[in-house]
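Student:
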Amino acid sequence: MPLVSMRQLLDEASKGGYGVGAFNVNNMEQIQSIMEAARETQSPVIIQASRGARAYSQDRFLYHLMQAAAELYPEIPTVLHLDHGNSPETCQSAIEMGFTSVMMDGSLMPDGKTPASFEYNVEVTRKVVEMAHAKGVTVEGEIGCLGGIEDGHGAGGDGLSHLTDPDQAVEFVEKTGVDALAIAIGTSHGAYKFTAKPTGETLKMETLIEIHRRLPNTHLVMHGSSSVPKELQDIVNQYGGKLKPTWGVPVEETQLGIRNGVRKINVDTDNRLAITGAIRKVLMEKPEEFDPRSYMKPARDAMKKVVAERMVQFGQAGHAKDYAPLSLEEMRKRYQSEAVTA
Ligand code: G3H
Ligand code: 13P
Ligand code: ZN
Numbered sequence: 024m025p026l027v028s029m030r031q032l033l034d035e036a037s038k039g040g041y042g043v044g045a046f047n048v049n050n051m052e053q054i055q056s057i058m059e060a061a062r063e064t065q066s067p068v069i070i071q072a073s074r075g076a077r078a079y080s081q082d083r084f085l086y087h088l089m090q091a092a093a094e095l096y097p098e099i100p101t102v103l104h105l106d107h108g109n110s111p112e113t114c115q116s117a118i119e120m121g122f123t124s125v126m127m128d129g130s131l132m133p134d135g136k137t138p139a140s141f142e143y144n145v146e147v148t149r150k151v152v153e154m155a156h157a158k159g160v161t162v163e164g165e166i167g168c169l170g171g172i173e174d175g176h177g178a179g180g181d182g183l184s185h186l187t188d189p190d191q192a193v194e195f196v197e198k199t200g201v202d203a204l205a206i207a208i209g210t211s212h213g214a215y216k217f218t219a220k221p222t223g224e225t226l227k228m229e230t231l232i233e234i235h236r237r238l239p240n241t242h243l244v245m246h247g248s249s250s251v252p253k254e255l256q257d258i259v260n261q262y263g264g265k266l267k268p269t270w271g272v273p274v275e276e277t278q279l280g281i282r283n284g285v286r287k288i289n290v291d292t293d294n295r296l297a298i299t300g301a302i303r304k305v306l307m308e309k310p311e312e313f314d315p316r317s318y319m320k321p322a323r324d325a326m327k328k329v330v331a332e333r334m335v336q337f338g339q340a341g342h343a344k345d346y347a348p349l350s351l352e353e354m355r356k357r358y359q360s361e362a363v364t365a
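With positions in the sequence shown counted from 1, the corresponding number in my numbering is that position plus 23.
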């Protein structure tokens, strides 16, 4: 089946009361890991690429790899989503390239670091909604800013500096018409999210619950949601890595989010850790190896294991064949008729 709209996946997840992991990719092996995990667990799936990933893969490689994924795994509803688009132009180029969903992250200025004004965010996000919906493409917006800057996205600090204000979230959704809303509740991108297991003081699940109470029909998105498992940190360090002790978002907290309107959960760091640990292990245990397949295969298997685990934990497992995917043209007509009746 062709790549599908994210809106339909999230609507179905909402009906079924489950969440869908959105996993970042940069190369063929990561796409293969995710598709194999999706087949094994029978999960619909969101594959996402950042601006960095698009530059790394020169866009076209990524596009054709994703076409191969759709061809080889026809039973899996698969979305290609732009992660953290920094301007309407970036979103437009992604849509032209074949992405079926885009994030316009107007919570930050185009530098991906400076917090933007509410008015700027509304203006750029609304522009992208108009442009994307005219092609049946889904739009995710963000209100409030994540912490951390290590991956090039985020306002810096500890994640608590720019939390989402529930009033602004309501106004933002009304003014932009986004399909999904990313919120800031204390998480950050990367491995160093929390210096101890998070509590209600550092991970604001109450804010998420309040936003869901005010916006019961909006699909919420949790960014920076890797759980940074100690086992994965330990493997990296056991084989020569130098990760400092750190904590991520416990899976139980993500599951609490899913019970309160979270439909998309972004995970990149856990997979990076799994890949790095597996590669380090081979290179350290077998220093005579120089065939890249000797370490890329275990790396691919390690990532597949993490992704399959998350698919089960988020509840998307078993839902791949629940519905017939709509084409982007059908989605376009749906948006058009909503606009007429609104
Ligand atoms: O948003 C953060 C994701 O982990 C992607 O990171 O920009 O280094 O590809 P990246
Ligand atoms: P992690 O760094 O927690 O995996 O978050 C990834 C993310 O939010 C991508 O947008
Ligand atoms: Zn993110």
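Glycine included, C-beta positions come from ideal geometry on N, C-alpha and C. Since this is a predicted model, take the numbers as computed values, not measurements.
The beta strand (DSSP E) with Ile166 in it runs from where to where?
Tutor: Thr161 to Ile166 is the span of the beta strand (DSSP E), which, as asked, contains Ile166.
Student: By DSSP's criteria, His242 is part of a beta bridge. Which residues make up the other side?
Tutor: Ala203, per the DSSP bridge assignment.
Student: Going by C-alpha distance, which of Leu183, Ile57 and Leu33 is nearest Val329?
Tutor: Nearest option by C-alpha distance: Ile57.
Student: Ignoring anything shorter than 3 residues, give me the beta strand (DSSP E) runs that lie fully in the region 253 to 328, in order along the chain.
Tutor: Segments of the beta strand (DSSP E) lying fully in the region 253 to 328: 285 to 290.
Student: Under the three-state reduction of DSSP, which class applies to Pro348: helix, strand or coil?
Tutor: In the structure shown, Pro348 sits in coil (DSSP, three-state: anything other than H, G, I, E or B).
Student: Please look up how many angstroms separate the CB atoms of Val48 and Val102, rounded, as I've assumed it's under 8 angstroms.
Tutor: Contact flag wrong, Cβ pair sits at about 12 angstroms.
Student: Please name the residue, chosen from Lys198, Glu163, Val68 and Phe195, that lies closest to Gly42 on a Cα-to-Cα basis.
Tutor: The shortest Cα separation from Gly42 among Lys198, Glu163, Val68 and Phe195 belongs to Val68.
Student: Can the beta-carbon of Leu95 be found less than 8 angstroms from the beta-carbon of Val125?
Tutor: No, the pair does not count as a contact, with Cβ atoms beyond the cut-off.
Student: Could you check whether the region 283 to 290 touches the region 242 to 260, counting it as contact only if at least three pairs of C-beta atoms, one from each stretch, sit closer than 8 angstroms?
Tutor: With a cut-off of 8 angstroms, the region 242 to 260 and the region 283 to 290 count as touching, because enough Cβ pairs lie within range.
Student: Relative to the C-alpha of Gly209, which residue among Phe195, Val196 and Met228 is closest?
Tutor: With distances taken between Cα atoms, Gly209 lies closest to Met228.
Student: For the alpha helix (DSSP H) that contains Met29, what are its first and last residues?
Tutor: Segment Met29 to Gly39, the alpha helix (DSSP H) holding Met29.
Student: With a threshold of 16 other CB atoms inside 10 Å of the CB of Ser360, please say whether the residue is buried or exposed.
Tutor: Counting Cβ neighbours within 10 Å, Ser360 comes out exposed, since fewer than 16 surround it.
Student: What is the DSSP secondary structure of Met132, reduced to helix, strand or coil?
Tutor: If DSSP states are grouped into helix, strand and coil, Met132 belongs with coil.
Student: According to DSSP, what are the bridge partners of Pro138?
Tutor: Per DSSP, Leu131.
Student: Taking buried to mean at least 16 other C-beta atoms within 10 Å of its own C-beta, is Phe313 buried or exposed?
Tutor: Classification for Phe313: exposed.
Student: Any chance you could list the alpha helix (DSSP H) runs of at least 4 consecutive residues sitting entirely within the region 53 to 110, in chain order?
Tutor: The qualifying runs are 74 to 79 and 83 to 95.
Student: Mind checking Glu165: buried by the 16 CB within 10 Å criterion, or exposed?
Tutor: So Glu165 counts as buried.
Student: Could you round the C-beta distance between Val201 and Thr148 to whole angstroms and report it? I think they count as a contact, below 8 angstroms.
Tutor: About 6 angstroms; that satisfies the 8 angstroms criterion.
Student: Quick one: what's got a C-beta closer than 7 angstroms to Arg323's C-beta in the same chain, skipping five residues either side?
Tutor: For Arg323, where only same-chain residues beyond five positions count, the Cβ hits under 7 angstroms are Glu52, Gln55 and Ser56.
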